[in-house]
Amino acid sequence: MNEKDSKTKLIALHAMHRWLQAINGRGHAATTALALSEDATVERYGFGQDRGTVMETFVGYAAINAWFALTREICQFQLMQAISSDESGFISGRYQLTAGEFIGGGLWQARLAADGRIAWLSHQPDELAEKWAMPELEPDEHVH
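Letter 5 of the sequence shown, counting from 1, is numbered 5 in my numbering, and no numbers are missing.
In structure tokens:
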């Protein structure tokens with residue numbers, strides 16, 4: 001690996017570690033500002049029948065922090081593999097989410113701003129393990 005590739009990987013790793021601090025910080029303004037550009041966009045994808053569909057889009061610190069704040073204290077995110085990156089500032093890595101006995105995961109893909117902070121990120125959860133999956137309802141059923 002040449003020096004330029006090493007620097008690119010290091011920038012990507014730092015960006016993902018700052019993202020982890022922000023998402024685990026549940027909306028701490030200073031931590032979010034270190035991880036994300038001011039006008040950053042986060043797209044949250046669905047799972048199950050909504051796999052591949054953007055379910056919510058958050059733009060800017062206020063919206064992203066409000067989303068972070070919805071995460072309960074028991075939930076902890078961590079990286080599960082080496083971060084991949086390229087010279088264009090595109091990075092990706094798999095994450096794991098634990099909450100007590102629950103273990104889930106997914107994929108983060110991001111584009112970095114010129115300053116190394118995240119400008120855009122897609123949050124793509126994996127399918128839930130069968131024991132955590134929601135029961136499928138018939139079309140005319142509803143939950144009370």
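Backbone N, C-alpha and C define an ideal beta-carbon position, used for all residues, glycine too. Source: prediction; values computed, not measured.
{"Asked": "R117 versus G105, F47, G89, V59, residue with shortest Cα-Cα distance", "Found": "G89"}
{"Asked": "Option nearest Q76 by Cα separation, candidates Y45, Y95, D86", "Found": "Y95"}
{"Asked": "Assumed close pair V54, Y45 - CB separation to whole angstroms, cut-off 8 angstroms", "Found": "6 angstroms"}
{"Asked": "For L112 and W120, the rounded distance between their alpha carbons", "Found": "7 angstroms"}
{"Asked": "L34 and R18 closer than 7 angstroms at C-beta", "Found": "yes"}
{"Asked": "Alpha carbon of Q109 to alpha carbon of S84, nearest angstrom", "Found": "9 angstroms"}
{"Asked": "Nearest residue (CA-CA) to F68, options G48, T41, R26", "Found": "R26"}
{"Asked": "Cβ neighbour criterion (16 or more within 10 Å) applied to Q49", "Found": "exposed"}
{"Asked": "Through-space distance from S122 to F47, alpha-carbon basis", "Found": "13 angstroms"}
{"Asked": "Buried/exposed call for L128, threshold 16 Cβ in 10 Å", "Found": "exposed"}
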